[in-house]
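Contents: one structure, followed by commentary.
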Amino acid sequence: MHKQADEMEFAPNERIENAVKNFAVEQDDAAGQAMTEAILMSAVNSEELLAPAVPAGEDGKPLDLEYMTDEQIQKFLENDEISFAIHAVTDDEGNDWMPVFTSPDKVMEGEVVDVMAHQIETLMAMAVDTGMAGIVINPWSDSLNIPAESLQVLLSSIQAMNDEDGESLEGDINLIEGDIVNMECDAIVNAANNTLMGGSGVDGAIHAAAGPELDDACRELHGCKTGEAKITEGFQLPAKYIIHTVGPIYDGSDQCADDLADCYWNALNLAIDYDIHTIAFPCISTGVFGYPMAEAAEIAVDTVLTWMDSYAGEYDMQVTFCVHDDEAYQVYTEILDEELTDEPEDPQN
Ligand code: AR6
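Residue numbering for the sequence shown follows this note's numbering, starting at 3 and increasing by one per position.
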């Protein structure tokens, strides 16, 4: 059965998945769709493909493993300086194709070859760089050829996403430990309650610093539902605006996680209406409302990154996570490091 790219289930290999989806949009003929489907099924879902390859010396000729010196073996293991000679499959017209397999079973269906696991992105780059006609997936059975021109389109798309990640996210997400009332940005976000009439924690600090005019302005807003966001001026704060949102009281439910994500999402959407381009968030719900810091931080970072991704290139927004203690700083640092470090693969590895 033929499935459209956007109906398929994916392993978490997002950049390639997105590249393939973009690619699929341009391939509106049956052959293009079949090719896209095959890449999705095989490459994206397995993340790594197996390629028959032997280590090669500087001259590009295959090295015989049995006669390798210890030093060569070490270099081979470290994947350093030693490249790989690819076993190509030559078609009737004399074109060389790089064979790749989606599983060890697919390898075993034909002649016995040594294989190595590689990231799909690396293999595509290798096929293009070595001037192959393309790659042939599972050459012994349900084989499918993907020409070099198609691989090039996919690679460019992946590269563009790498560049975009690097620019839009790393530069526009900040982490600060401190008091949010001192933040000099277009807007700070308040972790309020449904009455919007002030309280303890960050809410209390913001009301105290902004002055009594904030109480008057909040009274006019007539409360706020959990997950929603409303805006006032910043009054005596350095920030021009305060976006008030109400986090959920933690009970471990999915609803609670959705509500917390809504706080970030709705605050950012509201920010656009007021031409806000720099915004600082506290760790909503993690104080009086009892949300465990690590869980809340995952949702905060995920939601903000997804929002920023969806507006990439259309709206500039700098987001600062303003945490209040060392523990929260540590938790956010780890999550952000993980989410923002998305180094492109070195095609030689
Ligand atoms: N700057 C930055 N972060 C702060 C500050 C500050 N000045 N003060 C506290 N935090 P909480 P909630 C951190 O309790 O859990 C209020 O009474 C704090 O370390 O302020 O959403 C409201 O009126 C914690 O990590 O908000 C509501 O009734 C985080 O801010 C209720 O509490 C959130 O803690 C809302 O509870």
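Glycine included, C-beta positions come from ideal geometry on N, C-alpha and C.
C-alpha gap between I137 and E111, whole angstroms
18 Å
Element boundaries [beta strand (DSSP E), containing P101]:
98-102
Does the segment 172-183 come close enough to the segment 257-270 to have 3 or more Cβ pairs within less than 8 Å?
no
I'd like to check one pair, E329 with M295: are the Cβ atoms closer than 8 Å?
yes
For Y243, list the residues DSSP reports as bridge partners.
A189, E235
contact_flag[the segment 186-199, the segment 242-251] where n(CB pairs < 8 Å) is 3 or more
yes
For the alpha helix (DSSP H) containing N271, list its first residue and its last residue.
256-275
Out of D260, I208, M100, D318, point me to the one whose CA is closest to D275's CA.
D318
Classify N140 as helix, strand or coil using the three-state DSSP reduction.
coil
Going by DSSP, what residue range makes up the alpha helix (DSSP H) through C220?
214-223
Three CB pairs or more closer than 8 Å across the segment 141-153 and the segment 288-305
no
Around the Cβ of L338, are there at least 16 other Cβ atoms within 10 angstroms (buried) or fewer (exposed)?
buried
With the cut-off set at 8 Å, would you say L198 and G225 are in Cβ contact?
yes
Can you tell me whether P284 is buried or exposed? The criterion is at least 16 other CB atoms within 10 Å of its CB, across all chains shown.
buried
State yes or no: is the C-beta of D339 nearer than 7 Å to some heavy atom of the ligand AR6?
no
Within 10 angstroms of the Cβ of S312, are there 16 or more other Cβ atoms? Answer buried if so, exposed if not.
exposed
So for A53, helix, strand or coil by DSSP?
strand
For G133, which option in P149, K242, I122, E123 has the closest C-alpha, if you only look at C-alpha atoms?
P149
Out of I233, G229, F237, which has the shortest C-alpha to C-alpha gap to P214?
F237
Under the three-state reduction of DSSP, which class applies to P106: helix, strand or coil?
helix
Any beta carbon of chain B sitting closer than 8 Å to that of A314?
In summary, chain B is missing from the structure at hand, where a single protein chain is found.
Can you tell me the Cα-Cα spacing of A219 and T234, whole angstroms?
7 Å
Which residue comes first and which comes last in the beta strand (DSSP E) that contains V183?
Here V183 belongs to no beta strand (DSSP E), and DSSP marks it neither H nor E.
May I ask which residues mark the beginning and end of the alpha helix (DSSP H) holding V130?
122-131
Excluding five sequence neighbours on each side, which residues of the same chain lie with their C-beta closer than 7 Å to the C-beta of G292?
I251, Y252
State yes or no: is the C-beta of D205 nearer than 7 Å to some heavy atom of the ligand AR6?
yes
Distance cut-off 7 Å: F283 Cβ against heavy atoms of the ligand MG
Ligands displayed in this structure: the ligand AR6; the ligand MG is not among them.
Would V130 and L146 qualify as a contact pair, given that the criterion is a beta-carbon distance under 8 Å?
no
When the Cα of V304 is compared with those of Y334, A282, D277, I281, which residue comes out closest?
Sequence check: residue 304 is Asp here, not Val. Ranking the options by Cα distance to D304, first place goes to Y334.
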